[in-house]
Amino acid sequence: MKIIEVKNLNKIYHEGEINVHAVRGIDLVIEQGEFTAIVGPSGSGKTTLLNMIGGLDNPTEGEIVIDEINIGNLKSSQLTDFRMKNIGFVFQAYNLIPVLTAKENVEFIMHLQGKSKKERADRAIQLLEEVGLGERVNSRPSKLSGGQQQRVAVARALASKPKFILADEPTANLDSESTANLLDIMEKLNREENITFIFSTHDARVVNKARRVITIDDGKIMSDITK
Amino acid sequence: MKEYLKIAWRNIWRNKRRSLITMSSIFFAVFLAILMRSFQLGTYDGMINTMVEMYSGYIQIEHVDFPEDKTIDNSIEYSEDILKKIESVNNVKTIVPRLASFSYAYAKEQSKGVLFTGINPEKENEMTKLIKQLANVKITEQAINKLKQKNVPRGIINKLLTIEGDYYSDMEILKFDLELTDEQANEYIPLIKMFASVEGEFLTQNDNGVLIGAGLANFLKLNVGDSIILMGLGYHGSSAADAFPIKGILKIPNPKLNDMVVYGSLIKVQNYFSAYEVSDNTVDTTFLLSSYAVNVFNKDDESVKQTKENIIKILQREEFLVSSWKQANKELANQIKSDNDGGVVMLGLLYIVIAFGVLGTVLMMVAERQREMGVMVAIGMKKKKLALIVSLEMLFMSTTALLAGIIASIPFVIVGNLYPLRLSGEMAQMMAQYGMEPVLPLAWFGSYYTDQILTILIIVLVVSIYPLISIGKLNVIKALRG
Numbered sequence: 001m002k003i004i005e006v007k008n009l010n011k012i013y014h015e016g017e018i019n020v021h022a023v024r025g026i027d028l029v030i031e032q033g034e035f036t037a038i039v040g041p042s043g044s045g046k047t048t049l050l051n052m053i054g055g056l057d058n059p060t061e062g063e064i065v066i067d068e069i070n071i072g073n074l075k076s077s078q079l080t081d082f083r084m085k086n087i088g089f090v091f092q093a094y095n096l097i098p099v100l101t102a103k104e105n106v107e108f109i110m111h112l113q114g115k116s117k118k119e120r121a122d123r124a125i126q127l128l129e130e131v132g133l134g135e136r137v138n139s140r141p142s143k144l145s146g147g148q149q150q151r152v153a154v155a156r157a158l159a160s161k162p163k164f165i166l167a168d169e170p171t172a173n174l175d176s177e178s179t180a181n182l183l184d185i186m187e188k189l190n191r192e193e194n195i196t197f198i199f200s201t202h203d204a205r206v207v208n209k210a211r212r213v214i215t216i217d218d219g220k221i222m223s224d225i226t227k
Numbered sequence: 001m002k003e004y005l006k007i008a009w010r011n012i013w014r015n016k017r018r019s020l021i022t023m024s025s026i027f028f029a030v031f032l033a034i035l036m037r038s039f040q041l042g043t044y045d046g047m048i049n050t051m052v053e054m055y056s057g058y059i060q061i062e063h064v065d066f067p068e069d070k071t072i073d074n075s076i077e078y079s080e081d082i083l084k085k086i087e088s089v090n091n092v093k094t095i096v097p098r099l100a101s102f103s104y105a106y107a108k109e110q111s112k113g114v115l116f117t118g119i120n121p122e123k124e125n126e127m128t129k130l131i132k133q134l135a136n137v138k139i140t141e142q143a144i145n146k147l148k149q150k151n152v153p154r155g156i157i158n159k160l161l162t163i164e165g166d167y168y169s170d171m172e173i174l175k176f177d178l179e180l181t182d183e184q185a186n187e188y189i190p191l192i193k194m195f196a197s198v199e200g201e202f203l204t205q206n207d208n209g210v211l212i213g214a215g216l217a218n219f220l221k222l223n224v225g226d227s228i229i230l231m232g233l234g235y236h237g238s239s240a241a242d243a244f245p246i247k248g249i250l251k252i253p254n255p256k257l258n259d260m261v262v263y264g265s266l267i268k269v270q271n272y273f274s275a276y277e278v279s280d281n282t283v284d285t286t287f288l289l290s291s292y293a294v295n296v297f298n299k300d301d302e303s304v305k306q307t308k309e310n311i312i313k314i315l316q317r318e319e320f321l322v323s324s325w326k327q328a329n330k331e332l333a334n335q336i337k338s339d340n341d342g343g344v345v346m347l348g349l350l351y352i353v354i355a356f357g358v359l360g361t362v363l364m365m366v367a368e369r370q371r372e373m374g375v376m377v378a379i380g381m382k383k384k385k386l387a388l389i390v391s392l393e394m395l396f397m398s399t400t401a402l403l404a405g406i407i408a409s410i411p412f413v414i415v416g417n418l419y420p421l422r423l424s425g426e427m428a429q430m431m432a433q434y435g436m437e438p439v440l441p442l443a444w445f446g447s448y449y450t451d452q453i454l455t456i457l458i459i460v461l462v463v464s465i466y467p468l469i470s471i472g473k474l475n476v477i478k479a480l481r482g
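If you're matching them up, the sequences are chains A and B in order.
Numbering follows the numbering used here, with no gaps: position 162 of the first sequence is 162.
Numbering follows the numbering used here, with no gaps: position 392 of the second sequence is 392.
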């Protein structure tokens with residue numbers, strides 16, 4: 001089932017008097033349950049593509065249709081709601097809310113969705129147990145390692161029951177063991193719960209795990225290989 | 001909401017030092033502003049009490065030409081009928097008739113210009129509590145010698161020597177001047193009263209005697225029982241001269257008056273100045289006054305103005321000028337106004353400094369949390385909810401500091417009001433030159449508290465605009481890049 005359709009996507013940044021063409025006419029379809037890596041060198045446009053798919057950035061030209069909704073037609077506040085209900089984010093720098101515990105970080109998005117206290121607490125604990133942090137639910141981010149923080153970020157991304165998860169270089173700041181651990185968790189969630197993951201990455205280990213690898217360079221898709 | 005309150009509260013304490021510095025700056029601003037304002041307003045109350053309530057009254061009635069030509073020739077009619085009419089006006093508390101003019105006082109070796117004031121002793125006491133100023137102690141050399149023999153400690157004797165010659169009517173002031181503890185006061189004040197007592201009686205309705213200020217008594221070297229000779233110009237050029245027995249010495253808080261006032265019974269002073277008019281048939285005599293001083297129950301400007309208007313209506317006398325104390329005593333009113341304006345400017349400067357301090361905190365708070373805010377918006381938090389969290393943080397910090405400042409100021413205001421700081425030295429002399437009692441009382445709780453609360457809340461509100469604008473303009477992509 002098609003959940004993301006990108007049509008003739010272009011993004012031009014204006015840096016002073018210079019126009020930077022970050023994304024050039026990309027067409028792309030992502031199906032439900034994919035475990036896809038978008039790879040390419042720095043500045044190739046992969047993060048820009050991910051940001052536009054996530055509704056964080058606006059394309060200069062083209063359309064992004066998610067679950068039959070053209071997100072380009074949504075107003076800013078509608079887009080915020082759309083993200084909250086449909087998209088999970090995992091960032092390179094974890095970006096947890098520092099004043100909240102692991103459990104509260106996971107609960108936070110469910111609070112925004114208006115879920116009951118019990119439902120929030122139960123799901124947050126369940127998700128943290130799934131990512132192997134059942135013992136650290138009450139720890140604040142500053143008391144967790146980088147790998148643990150990224151696992152909390154994955155649990156947070158899953159908390160809202162999104163249609164897909166966008167992970168922007170999720171392993172960039174992790175050591176080998178943490179990377180392997182995180183990838184195993186995400187692969188398991190993808191396999192067992194059919195959750196769609198789209199990564200942007202340089203990391204060969206992530207590429208190896210991905211079942212579809214899209215290579216981008218100079219804002220264009222150079223190859224799209226499904227293993 | 002609970003979730004947002006929790007995040008706001010924890011955000012405050014994530015950078016404890018900065019939050020505490022911000023709160024401290026608000027705390028000290030509120031605390032200092034309240035004390036500054038309380039001192040100012042308390043001083044004004046003291047000035048008004050000394051100059052207005054205890055002497056000139058909130059409303060004065062005098063001859064229409066008197067402000068331009070302050071001579072006894074510009075006097076007004078004194079009658080029971082006028083007194084009753086004024087007394088019948090709503091808000092009038094007391095009314096005191098006075099006849100005052102200058103004369104020369106002569107004594108053994110010295111002479112001095114004095115203000116000879118005729119009063120109705122009973123009514124005067126109602127308004128000015130003049131009887132309370134009747135001195136009952138004079139620190140004389142003989143009294144100090146006798147106290148030495150009674151083994152009064154050397155320190156107290158030394159202090160007594162510094163106030164030798166001074167009169168006292170209030171033993172609390174004597175206790176303060178001698179810096180006595182309660183125990184010492186209980187032990188030595190009765191001894192001092194025993195050896196330094198001064199006889200003295202207050203005036204009666206038609207008394208032949210006079211009361212004189214302690215400063216004047218010392219200058220002319222006069223005591224109770226001596227006579228004071230007064231000579232001056234009476235009504236319409238008549239000559240005034242007489243000798244009056246001194247019935248008592250008054251220790252008047254207003255040092256200017258203390259040095260120059262002589263009080264006599266109204267009828268005697270009217271006779272002394274020939275302040276009366278005899279009708280053509282030589283049967284009816286109209287006695288004259290310099291002024292009626294009127295005190296009121298409600299002392300706010302609007303009530304005083306209304307009372308004044310009502311007095312004008314009921315008297316309907318063209319030659320009578322009815323003025324509020326601010327009109328009659330422009331010097332004092334202007335002095336208070338200019339000092340008050342200066343105080344408000346100082347407070348304004350203090351608050352501007354605080355506002356910039358708080359703004360600095362807010363700028364840092366917003367700058368260091370750009371990425372975090374970006375994440376919150378990225379995962380689906382509406383910007384207005386984010387703005388709510390930041391506003392709650394500001395509100396928490398400011399109200400906590402505000403309440404702390406208010407609570408900390410309360411004991412100071414209570415103590416400072418009930419036991420005003422009594423000044424000595426140059427400061428006291430300076431206040432004395434302005435005719436004020438040298439004390440610095442704090443004003444009792446009043447609207448100045450609400451003024452500070454509102455000012456701080458407005459500052460916080462204004463300063464909070466910055467983070468709200470900043471959040472409104474937040475670019476998620478830039479924020480996530482940090």
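Glycine included, each C-beta is placed from N, C-alpha and C at the ideal position.
Annotated three-state conformation of T101/A is coil, per DSSP. With contacts defined as CB atoms closer than 7 Å, V20/A and L9/A fail to qualify as a contacting pair.
Put simply, the stretch 356–374 of chain B touches the stretch 459–471 of chain B. At least three CB pairs are less than 8 Å apart.
At a cut-off of 7 Å between beta-carbon atoms, F199/A makes no contact with chain B. Our two residues, P170/A and N181/A, have alpha carbons roughly 12 Å apart in a direct line. The distance from the Cβ of L288/B to that of I119/B is about 14 Å, inconsistent with a contact at the 8 Å cut-off.
Think of a sphere of 7 Å around the beta carbon of L56/A: the chain B residues whose beta carbon falls inside it are A378, V476 and I477, in chain order.
Collapsing the DSSP output to three states places Q150/A in a helix. Contact check for M397/B against L474/B fails: the beta carbons are separated by 7 Å or more. The C-beta separation of V210/B from I249/B comes to about 11 Å, leaving the pair out of contact by the 8 Å criterion. Contact annotation: in the stretch 63–82 of chain A, residues whose CB is within less than 8 Å of a CB in chain B are S77, T80 and D81. A Cβ-Cβ distance of about 15 Å is found for the pair L230/B and F219/B, leaving them out of contact under the 8 Å criterion. Using a Cβ-Cβ distance cut-off of 8 Å, the stretch 166–177 of chain B and the stretch 140–153 of chain B are not in contact, since fewer than three pairs of beta carbons, one from each stretch, lie closer than that value. Distance check between Y13/A and each of V29/A, L49/A, V6/A and G33/A places L49/A closest, using alpha-carbon atoms only.
Judged by DSSP in its simplified three-state form, Q327/B adopts helix. With the criterion set as a beta carbon lying under 8 Å from some beta carbon of chain B, the stretch 179–198 of chain A has no members that meet it.
Look at the stretch 16–37 of chain B: it has no residue with a C-beta under 9 Å from a C-beta of chain A. Across the set N271/B, I212/B, A241/B and K221/B, the C-alpha of I212/B shows the shortest separation from the C-alpha of K256/B.
Taking a Cβ-Cβ threshold of 8 Å, the residues of chain A close to L480/B are L56, F91 and N95, in chain order. When DSSP states are grouped into helix, strand and coil, R422/B belongs to the strand group. At least 7 Å separates the beta-carbon of L74/A from that of A102/A. When Cβ pairs closer than 8 Å are counted between the two stretches, the stretch 18–28 of chain B is seen not to touch the stretch 68–86 of chain A, the count staying below three. Taking a cut-off of 8 Å for Cβ pairs, the stretch 178–192 of chain A and the stretch 60–74 of chain A do not touch, as fewer than three such pairs fall below it. Shown here, L166/A sits in a strand according to DSSP, grouped into three states. Counting only Cβ-Cβ distances below 8 Å, H21/A has no contacts in chain B at all, with the closest Cβ about 17 Å away. By the Cβ neighbour-count rule, R83/A is buried, with 16 or more other Cβ atoms within 10 Å of its own. Look at the stretch 344–375 of chain B: the residues with a C-beta under 7 Å from a C-beta of chain A are R371, E372 and V375. Ranking F164/A, A172/A, I221/A and N194/A by CA distance to the CA of V206/A puts A172/A first. Interface annotation, R422/B: not in contact with chain A, CB-CB separation never under 7 Å.
When DSSP states are grouped into helix, strand and coil, P97/B belongs to the strand group.
Looking at E122/B, N254/B, L222/B and K70/B, the one whose alpha-carbon comes closest to that of T204/B is E122/B. Non-local C-beta neighbours of K326/B in its own chain, meaning closer than 7 Å and more than five positions away in sequence, comprise A333, ordered along the chain. Of the residues K143/A, D175/A, A121/A and K188/A, the one whose Cα lies closest to the Cα of V154/A is K188/A. Shortest Cα-Cα distance from Y448/B to any of I477/B, T140/B and I406/B involves I406/B. For V206/A, there is no enclosing beta strand (DSSP E); the residue is part of the alpha helix (DSSP H) that begins and ends at A204 to K209. Nearest Cα to M1/B within the set L112/A, L158/A and G147/A: L112/A.
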